[in-house]
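Protein chains in written order, with this note's numbering: chain A, -6 to 134; chain B, 13 to 328.
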């Protein structure tokens, strides 16, 4: 079992803790760290360098912090696949437009939306990509 | 009858079954050149020219496997079809000649400055197959690059970077009895040099090979137009011959998809195929019919097939 490190902003602590419990139940060695605000890239990079080889990183952060940590993780030798995005329950979701690939923010999974870029009527699905951190929106004819 | 020759008819039982129907191939070939080569290559290149972001995606870490695949496919084209292709490699210097298209590609192996496109994008313009690279990482398979011109209602842009299991979690019943885990384990254990093949089928209304999710609003509406009278013209059995190959050098998995279409009017000429196709459509579970997009016109299609089976019986 690989080691798992969960990094979470204070505002997403509840989601991070839930992830920690789930991972623990499945037998993984898991630790959770709360991020300082603002995040210091150098400090994060150093901390990640000290982690065992093959550690999986799961992030519960906003978009800008996520980007910064991804860069730090890559510099510390983590591959793209070593870094996962945790699902944050905010009540709104990002929807990937299957027609033009635009990611529409702040949508609900229950209601159809109109893509802000191409105007396609989309039905949000539960098909989730952690790579895009978004759910697929299917076209409605 | 010529369209029937060489068509990979997928049904081996007179009833729909849900299985990983992969078989090992001997000889271990990852691609096939058919009589449609020139027409399909013209279409592939047009699509890549016009919709590159839709048809080609890659992550930087896929580059070594891309090089390995380019060498593998140029070699295979030349060794299996020496009258149509030649390939020479002297040290790092390579020369591929495509005599069917009167073109050549000269490059130095693993030197990106000698090619204008990424290796997978380049070699993909000389084969009829869609090409997908599944990176085999310590915790699963990930879609790391692909050249996909003829998808059946899916989006390469969306699934780029995704795990194998997440890509497939919309397929009805795939989570039952750990089926998807078994398939992933099966792929992970494929030995270098071996090729496994399976046939996957669906139905396309009209004869379009390129049916990506991105243009569903254009081609999807034709599903509403199928009647018992026009089914023979409109409906095409679509078969994807899918092959899996473990790259010996980089250990990633190459997934090739060769798509074939057969118009229903041609299919019904073969009595055994007509009967088998009918039985499979009839026994298809509703959620699979919905997933394959057949629900809208299943009644009309079955009536069309029954009429033709009845005609056949009367003719005997």
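The C-beta atom is built at its ideal place from N, Cα and C for all residues, glycine as well.
Everything numeric in this text was worked out from a predicted model, so none of it was measured.
Could you spell out where the beta strand (DSSP E) holding residue i opens and where it closes?
| i | result |
| --- | --- |
| residue 2 of chain B | With chain B running from 13 to 328 in the structure shown, residue 2 of chain B is simply not present. |
| residue 279 of chain B | Per DSSP, residue 279 of chain B belongs to no beta strand (DSSP E); it is in the alpha helix (DSSP H), 276 to 279. |
| residue 49 of chain A | 49 to 53 |
| residue 99 of chain A | 96 to 100 |
| residue 58 of chain A | Element bounds for residue 58 of chain A: not the beta strand (DSSP E) but the alpha helix (DSSP H), 56 to 68. |
| residue 116 of chain A | 114 to 122 |
| residue 76 of chain A | 76 to 78 |
| residue 1 of chain A | -4 to 1 |
| residue 318 of chain B | Careful: residue 318 of chain B lies outside any beta strand (DSSP E), inside the alpha helix (DSSP H) at 310 to 327. |
Along chain A, in chain order, which residues have C-beta atoms closer than 7 Å to that of residue i?
| i | result |
| --- | --- |
| residue 174 of chain B | 122, 124 |
| residue 282 of chain B | In chain order: nothing, as chain A lies at least about 34 Å away. |
| residue 279 of chain B | By Cβ distance, chain A contributes nothing, its closest Cβ being about 27 Å from residue 279 of chain B, past 7 Å. |
| residue 226 of chain B | 91, 92 |
| residue 167 of chain B | 91 |
Starting from the beta carbon of residue i, find every residue of chain B whose beta carbon is closer than 7 Å, and list them in chain order.
| i | result |
| --- | --- |
| residue 134 of chain A | 229, 232, 233 |
| residue 129 of chain A | 170 |
Leaving out five residues on either side along the sequence, give the residues of the same chain with a beta carbon under 8 Å from the beta carbon of residue i.
| i | result |
| --- | --- |
| residue 84 of chain A | 101 |
| residue 125 of chain A | 87, 89, 96 |
| residue 116 of chain B | 107, 108, 109, 110 |
| residue 20 of chain B | 211, 251, 253, 272 |
| residue 324 of chain B | 283, 286 |
| residue 314 of chain B | 290, 293, 294 |
| residue 111 of chain A | 90, 92, 93, 95 |
I'd like to confirm the pairing. Which residues does DSSP put opposite residue i in its beta bridges?
| i | result |
| --- | --- |
| residue 101 of chain B | B:106 |
| residue 272 of chain B | B:251 |
| residue 153 of chain B | B:148 |
| residue 90 of chain A | A:130 |
| residue 266 of chain B | B:145, B:257 |
| residue 239 of chain B | In the DSSP output, where bridge partners are listed per residue, residue 239 of chain B has none listed. |
| residue 120 of chain B | B:105 |
Ignore the nearest five residues each way along the sequence and tell me which others in residue i's own chain have a CB closer than 6 Å to its CB.
| i | result |
| --- | --- |
| residue 90 of chain B | 97, 98, 99 |
| residue 48 of chain A | -4, -2 |
| residue 281 of chain B | none |
| residue 52 of chain B | 140 |
| residue 189 of chain B | none |
| residue 257 of chain B | 42, 207, 266 |
Taking residue i as the reference, give the member of the options with the closest Cα.
| i | options | result |
| --- | --- | --- |
| residue 172 of chain B | B:23, B:147, B:183, B:156 | B:156 |
| residue 94 of chain A | B:170, B:267, B:178, B:266 | B:170 |
| residue 317 of chain B | B:300, B:279, B:216 | B:279 |
| residue 210 of chain B | B:15, B:42, B:27, B:16 | B:42 |
| residue 92 of chain A | A:121, A:60, A:131 | A:131 |
| residue 167 of chain B | B:102, B:138, B:68 | B:68 |
| residue 12 of chain A | A:37, A:51, A:41, A:71 | A:51 |
| residue 24 of chain B | B:267, B:202, B:292 | B:292 |
| residue 54 of chain A | A:113, A:128, A:111, A:1 | A:1 |
| residue 162 of chain B | B:321, B:269, B:285, B:315 | B:269 |
| residue 48 of chain B | B:213, B:148, B:104, B:113 | B:113 |
| residue 225 of chain B | B:55, B:165, B:243, B:84 | B:165 |
| residue 34 of chain B | B:194, B:217, B:296, B:246 | B:194 |
| residue 46 of chain A | A:75, A:30, A:112 | A:75 |
| residue 121 of chain B | B:22, B:78, B:147 | B:78 |
| residue 23 of chain A | A:62, A:30, A:14, A:29 | A:14 |
| residue 29 of chain B | B:73, B:297, B:103 | B:297 |
| residue 99 of chain A | A:111, A:113, A:112, A:117 | A:117 |
| residue 69 of chain A | A:39, A:25, A:78, A:27 | A:39 |
| residue 184 of chain B | B:303, B:327, B:86, B:219 | B:303 |
| residue 299 of chain B | B:266, B:186, B:218 | B:186 |
| residue 141 of chain A | A:71, A:20, A:27 | Since the displayed chain A opens at -6 and closes at 134, residue 141 of chain A lies outside it and no answer follows. |
| residue 129 of chain B | B:64, B:154, B:147 | B:64 |
| residue 120 of chain A | B:175, B:60, B:191, B:327 | B:175 |
| residue 151 of chain B | B:181, B:200, B:126, B:179 | B:200 |
| residue -6 of chain A | A:5, A:4, A:17, A:3 | A:17 |
How would you list, in chain order, the residues of chain A whose beta-carbon sits under 8 Å from the beta-carbon of residue i?
| i | result |
| --- | --- |
| residue 154 of chain B | 74 |
| residue 73 of chain B | 72, 73 |
Strictly below 8 Å CB to CB, what residues from chain B border residue i?
| i | result |
| --- | --- |
| residue -5 of chain A | 150, 151 |
| residue 47 of chain A | 150 |
| residue 113 of chain A | 229 |
Keeping to the same chain, check which residues put their C-beta closer than 7 Å to that of residue i; ignore five residues upstream and five downstream.
| i | result |
| --- | --- |
| residue 57 of chain B | 137 |
| residue 159 of chain B | 67, 68, 132, 133, 136, 142, 143 |
| residue 301 of chain B | 307, 310 |
| residue 13 of chain B | Low local confidence applies: a pLDDT of 47 at residue 13 of chain B is under 50, so the model's placement there is unreliable, with the coordinate-based value given in what follows. Excluding sequence neighbours, residue 13 of chain B sits near 281. |
| residue 133 of chain A | 105, 114, 115, 116 |
For residue i, return the contacting residues in chain A, with the cut-off set at a CB-CB distance below 9 Å.
| i | result |
| --- | --- |
| residue 182 of chain B | 118, 119, 120, 129 |
Go to residue i, then tell me how far its alpha helix (DSSP H) extends in each direction, as first and last residue.
| i | result |
| --- | --- |
| residue 26 of chain A | Note, residue 26 of chain A: premise wrong, no alpha helix (DSSP H); beta strand (DSSP E) at 22 to 27. |
| residue 44 of chain A | From DSSP, residue 44 of chain A is part of no alpha helix (DSSP H); its letter is neither H nor E. |
| residue 301 of chain B | 298 to 303 |
| residue 68 of chain B | No alpha helix (DSSP H) holds residue 68 of chain B; the beta strand (DSSP E) holding it covers 68 to 70. |
| residue 216 of chain B | Premise fails: residue 216 of chain B lies in the beta strand (DSSP E), 207 to 217, not in any alpha helix (DSSP H). |
| residue 80 of chain B | 75 to 92 |
From the beta carbon of residue i, is the nearest beta carbon of chain D less than 7 Å away?
| i | result |
| --- | --- |
| residue 49 of chain B | Of the chains in the structure shown, none is chain D; the protein chains are A and B. |
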